[in-house]
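Asks: Sharing a structure with you now.
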Amino acid sequence: MSRLALFSFLVGCTPEVIDDSLDQPALPIVDGVAAAEDQDADPNVVEVHLTASRTEVSWMEEGATPVWAYNGQVPGPLIQARVGDTLRVVFTNDLPDPTTIHWHGLRIENAMDGVPAVQDPIQPGETFTYEFVLPDAGSYWYHPHIRGHEQVDRGLYGPLVVHEAEASTPVVDRDRYFALDDVALRENGRHYSFSTGGMDGMHGRHGNVLLANGQTELITDTVQPGTVERWRLVNTANARLMYADVRGADWRVVGVDGGLLEEPYTTDRLRLPVGRRFDVEVIPRADAEKLKLRVLIPSQTGFDRYPMFEAAIAGTPAATSVPTWPAAEMPEPIAETQEVDVELDFGSGGMMGMAWLINGQRYEAGDSIPIQGNVPTRIHLRDVSGAGHPFHLHGQFFEVLSRNGSDGDIPGPLDTIHVGGDDELELFTMFDNPGLWMGHCHILEHAELGMMTAFDVTP
Ligand code: C2O
Ligand code: CU
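Below, the structure is given as structure tokens:
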């Protein structure tokens, strides 16, 4: 008999609620966004319940902002598990429109990818259960894959962290997730109407309000010098190419989209196209007063700088112990097979107003590029539109081989890469995950206007 049942015999006492999730090995704490609760007692299964519905947030003094939210919060709850775990997400759509959830960056089974090409959109009032095994540790996010330009910007996106295997989890003093976003709000707090016409269709929707973890205000804290923090940064905006830097710390990049790097590197600033992630090791300096995360927005004179997080550096310096960052494995080329080339040209055009094209075509379901899986493949990306496009590939990771003819020097594994105006990039992938996988521009208006294709990968 459980303790809970015993206590209930004591009339007049409130029985203590036993949380049986305590039996599970605890996951590292990730700060930033309130986490979803694991509803399954099995230590290797994480089950979370998500409901998308309409609610309001207060971002502007002049009035509330109606949003679409997962479990009433923007961003949606942090979903976290360990590599190798099964993730089950029981999702209910309480929105007025059909929707899906796509797990950005996860190399999961095709049927669970959350795109209309592999699943019927989940209608208002319906429930759908996503279930898959988590193959790679890393920092990810989730969002709808229908009318993304509207649904994501209304507030439907959330963080997803897959922790490294228990024995190799890097030990840090603090683990923080920062979802960086912008929204386009009127003075009364309401969103500007959603459109794929005009400037929105041209450049993608750019916001006038910056958000970190769904907050307009600076996030603050106090940190001790010499401690080691792991920051996970993601750009969840519809279109804005962001830059970011860290002040008051020794910092370096330890991970990217698809996991931790073999060789961490230092840089002055990060370039963060929409969809991209960086994992950063941050060690607050004893000779600095404040630790800051800043978003940098290109301006006429260089950059405008927006602090999103600021911590007072206080206390006696800790003895720094830099963790070991276990590198993610890249798909290995299979030596005996010949390499295959795939060309993707990003262009614009269209008879009736704006269209964004891949290889001269708008995306149409059913029209896909056949790919033989497990064959070393070079993808040649060329922007012939001059506009610049963040390319995202579903279900696979890739490496950058070159940018404009020279060594790309952008370490992978990646699932999102910025193809600058008139740039040419060469990617390498094995296409080792069979199924129908989207490749598209992550400027959500461009994707909506046709800049998407599908790779039909046979095993
Ligand atoms: Cu983040 Cu196809 O999406
Ligand atoms: Cu684009």
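First residue of the sequence shown? That's 813 in my numbering, and the numbers climb one at a time after it.
From the three backbone atoms N, C-alpha and C, an ideal C-beta is built for every residue, glycine too.
These numbers were taken from a predicted model, which means no experiment stands behind them.
#1: With a threshold of 6 angstroms (Cβ to nearest heavy atom), would His1252 be considered close to ligand 2?
#2: Do you know offhand how far Pro1271's Cα is from Gly1071's?
#3: Of all the options Tyr882, Thr877, Ala991, which has the alpha carbon lying nearest to the alpha carbon of Ile913?
#4: Under the rule that 16 or more other beta-carbon atoms within 10 Å means buried, what is Met1054, buried or exposed?
#5: For the region 944-1011, list the beta strand (DSSP E) runs that are entirely contained and at least 3 residues long, ordered along the chain.
#6: So, for Arg1044: in the same chain, excluding its five sequence neighbours on each side, which residues have a beta-carbon less than 6 angstroms away from its beta-carbon?
#7: Can you give the Cα-Cα distance for Pro936 and Gly926, rounded to whole angstroms?
#8: Taking 7 angstroms as the limit between beta carbons, can you name the residues of its chain near Thr1079, skipping five residues before and five after?
#9: Secondary structure at Leu1022, three-state DSSP: helix, strand or coil?
#10: Along the chain, where does the alpha helix (DSSP H) containing Glu874 start, and where does it finish?
#11: Closer than 6 angstroms to a non-hydrogen atom of ligand 1 - does that hold for the CB of His1230?
#12: Between the Cα of Leu968 and the Cα atoms of Pro1246, Ile1170, Thr911, Tyr1077, which residue gives the shortest distance?
#13: Which residues bound the beta strand (DSSP E) around Glu1155?
#14: What runs of the beta strand (DSSP E), each 3 residues or longer, lie entirely inside the region 1181-1223?
#15: From this set, Thr1149, Arg1002, Pro1225, Pro971, which residue's C-alpha is nearest Gly875's C-alpha?
#16: Can the beta-carbon of Glu1257 be found closer than 7 angstroms to that of Gly1009?
#17: For Gln1150, is the classification buried or exposed, using 16 other Cβ atoms within 10 angstroms of its Cβ as the cut-off for buried?
#18: Within 8 angstroms, do at least three Cβ pairs link the region 1056-1065 to the region 1174-1193?
#19: Is any non-hydrogen atom of ligand 2 found closer than 6 angstroms to the C-beta of Met1263, if you look at the structure I gave you?
#20: If we require 3 or more residues per run, which beta strand (DSSP E) segments fall completely within the region 1012-1097?
#21: With H, G and I counted as helix, E and B as strand and the rest as coil, what does DSSP make of Leu839?
#22: Considering just the uninterrupted stretch of the beta strand (DSSP E) at Leu1169, what are its terminal residues?
#23: From Thr1265, Ile958, Asp987, pick the residue whose C-alpha is nearest to that of Glu1093; which is it?
#24: Determine the DSSP secondary structure at Leu918, reduced to helix, strand or coil.
#25: Going by DSSP, what residue range makes up the beta strand (DSSP E) through Glu1236?
#26: With DSSP as the reference, please indicate the residues paired to Met1250 in a beta bridge.
#27: What separation, rounded to the nearest whole angstrom, lies between the Cα atoms of Gly1016 and Val995?
#28: Would DSSP call Met924 helix, strand or coil?
#29: For Glu1141, does the three-state DSSP call read helix, strand or coil?
#30: If you compare alpha carbons, which of Leu1022, His955, Glu868, Val1196 is closest to Asp1116?
#31: Can you look up Ala1316 in the DSSP assignment and give me helix, strand or coil?
Replies: Based on what the coordinates show:
#1: no
#2: 24 angstroms
#3: Tyr882
#4: buried
#5: 950-955, 970-975, 986-995
#6: Ser951, Tyr989, Asp1091
#7: 16 angstroms
#8: Val1065
#9: strand
#10: Per DSSP, Glu874 belongs to no alpha helix (DSSP H) and is neither H nor E.
#11: no
#12: Thr911
#13: 1152-1161
#14: 1189-1195, 1201-1205, 1211-1215
#15: Arg1002
#16: no
#17: exposed
#18: no
#19: yes
#20: 1021-1024, 1031-1035, 1041-1047, 1054-1059, 1061-1068, 1071-1077, 1082-1084, 1089-1096
#21: coil
#22: 1167-1170
#23: Asp987
#24: coil
#25: 1236-1241
#26: Ala1266
#27: 12 angstroms
#28: helix
#29: coil
#30: Leu1022
#31: A question about residue 1316 goes unanswered here, because the residues of the chain that appear run from 813 up to 1271.
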